[in-house]
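Colleague: Residue numbers (the numbering used here): 157 to 213.
We put the CB at the ideal spot given by N, CA and C, even for glycine.
Computed from a prediction, not measured in an experiment: that's the story for all the values here.
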């Protein structure tokens, strides 16, 4: 997977983790989902527009 931009990678990780915790996911599930979200996000350019929505993960 080629990286497009890494500007929002950390924001994606922490934002996804917080969202998954609020949604009641286990730590293992949350980590799996945040890693997938970040992998998707770094293939895109931009900031907010690079962060995938829940339906994309």
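Nearest by alpha-carbon distance to residue 158: which of 196, 168, 167 is it?
Modeller: Looking at the Cα atoms, 196 is the closest of the given residues.
Colleague: Which residues in the same chain have their Cβ closer than 8 Å to the Cβ of residue 175, if we skip the five residues on either side of it in sequence?
Modeller: For residue 175, where only same-chain residues beyond five positions count, the Cβ hits under 8 Å are 210.
Colleague: Taking the straight line between their C-alpha atoms, what separation do you get for residue 201 and residue 191?
Modeller: Distance between the alpha carbons of residue 201 and residue 191 is about 18 Å.
Colleague: Looking at the unbroken alpha helix (DSSP H) that takes in residue 219, where does it start and where does it end?
Modeller: In the structure as shown, the chain begins at 157 and stops at 213. Residue 219 is therefore absent and cannot be evaluated.
Colleague: With distance defined between alpha-carbon atoms, name the residue in 207, 179, 212 nearest to residue 161.
Modeller: Of the listed residues, the one whose Cα sits closest to residue 161 is 207.
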